[in-house]
Amino acid sequence: ILNVEQSPQSLHVQEGDSTNFTCSFPSSNFYALHWYRWETAKSPEALFVMTLNGDEKKKGRISATLNTKEGYSYLYIKGSQPEDSATYLCAPSTSGTYKYIFGTGTRLKVLA
Amino acid sequence: DVKVTQSSRYLVKRTGEKVFLECVQDMDHENMFWYRQDPGLGLRLIYFSYDVKMKEKGDIPEGYSVSREKKERFSLILESASTNQTSMYLCASSLGHRDNSPLHFGNGTRLTVT
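Protein chains in written order, with the working numbering: chain A, 1 to 112; chain B, 113 to 226.
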């Protein structure tokens with residue numbers, strides 16, 4: 001079973017601050033990594049699918065990078081807004097499986 | 113937009129009851145998944161299915177079974193509910209066989225076993 005670690009566990013930032021969090025995973029047999037945003041009372045929503053070492057993806061103020069050789073991915077939020085408050089989950093998978101193993105998430109609270 | 117619908121948002125069942133959690137997706141996805149989410153733990157995979165009548169165990173299948181008789185429907189069955197199965201259950205689907213397409217989740221079923 002993949003050991004997926006996300007840090008920090010929780011984070012409070014002021015509106016307008018930029019922030020980033022980390023997802024660490026074993027680098028062997030890497031296949032793909034997903035990032036999800038999970039808002040309270042809603043279902044998790046996919047942000048990014050990342051597959052290649054050095055991948056960078058961007059969606060509005062949110063971006064992500066991937067390093068498969070060292071086994072980590074960063075998620076960045078520029079100019080945080082209250083609506084960014086959510087739990088951010090990463091889920092890597094190993095080749096040949098359907099199993100996306102979820103980290104415990106980073107809970108972000110953006111204070112107005 | 114893909115819609116994944118779970119039949120109940122909240123369920124309360126008694127220990128020993130047989131419990132069915134139903135999930136339906138409307139986008140002809142091949143893969144369907146059942147996860148449970150508990151405080152301090154990530155989403156943990158119970159079972160998944162990559163085709164009708166095909167299923168594979170996830171990381172925590174004990175005490176659960178599944179059924180996929182039609183492509184759009186994936187049912188999770190608790191044969192004899194126990195209090196340690198009190199949890200939030202999430203169903204998800206994804207597009208195709210052996211691809212890396214993202215998971216689309218339902219809204220979850222919060223099950224309490226008393």
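Cβ atoms here follow ideal geometry from the backbone N, Cα and C, with glycine treated the same way.
field: Cβ of Leu89(A) within 9 Å of any chain B Cβ
entry: yes
query: Does the beta-carbon distance from Ser24(A) to Tyr72(A) come in below 9 Å?
result: yes
message: Tell me which residues share the same chain as Thr51(A) and place their Cβ nearer than 6 Å to its Cβ, disregarding the 5 neighbours each side in the sequence.
response: Ala32
- prompt: Shortest alpha-carbon distance to Ser215(B) belongs to which of Leu207(B), Arg222(B), Thr221(B)?
  reply: Inspection of the sequence shows that residue 215(B) is occupied by Leu rather than by Ser. Nearest C-alpha to Leu215(B): Leu207(B).
- prompt: Can you name the start and end residues of the beta strand (DSSP E) that Ile62(A) belongs to?
  reply: 62–67
Span of the beta strand (DSSP E), counted from its first residue to its last, around Val110(A): 106–111
field: Buried versus exposed, by CB contacts within 10 Å (16 or more), Gln149(B)
entry: buried
- prompt: Shortest alpha-carbon distance to Lys165(B) belongs to which of Gln197(B), Gly154(B), Glu181(B), Arg156(B)?
  reply: Glu181(B)
- prompt: So with Cβ pairs under 9 Å, would you call Pro44(A) a contact of chain B?
  reply: yes
task: Give, in chain order, every residue of the segment 17–34 of chain A whose Cβ lies closer than 8 Å to some Cβ of chain B.
output: Tyr31, Ala32, His34
- request: List in chain order: all unbroken alpha helix (DSSP H) runs of 4+ residues lying wholly within the segment 165–220 of chain B.
  value: none
field: Cutoff 9 Å: Arg180(B) Cβ touching any chain C Cβ
entry: Structure shown: chain C not included; protein chains present are A and B.
query: Do Phe145(B) and the ligand ATP come close, with the Cβ less than 8 Å from some heavy atom?
result: Ligands are entirely absent from the displayed structure, and the ligand ATP is therefore not among its contents.
message: Does the segment 185–203 of chain B come into contact with the segment 86–95 of chain A, if we say contact requires no fewer than three beta-carbon pairs (one atom in each stretch) closer than 8 Å?
response: no
message: Strictly below 7 Å CB to CB, what residues from chain A border Phe217(B)?
response: Ser43, Pro44
Below-9 Å beta-carbon distance, Ser93(A) vs any chain B residue: yes
- prompt: Taking C-beta to C-beta, are Lys115(B) and Met144(B) nearer than 9 Å?
  reply: no
- prompt: For Asp84(A), is the classification buried or exposed, using 16 other Cβ atoms within 10 angstroms of its Cβ as the cut-off for buried?
  reply: buried
message: Let's see if you can read the secondary structure: which residues bound the beta strand (DSSP E) around Ala32(A)?
response: 30–38
query: Using a Cβ-Cβ distance under 9 Å, would Val4(A) count as near chain B?
result: yes
task: Identify each residue in the segment 155–178 of chain B for which the Cβ-Cβ distance to at least one residue of chain A is less than 9 Å, and report them in chain order.
output: Leu155, Arg156, Leu157, Phe160, Tyr162, Glu168, Gly170, Asp171
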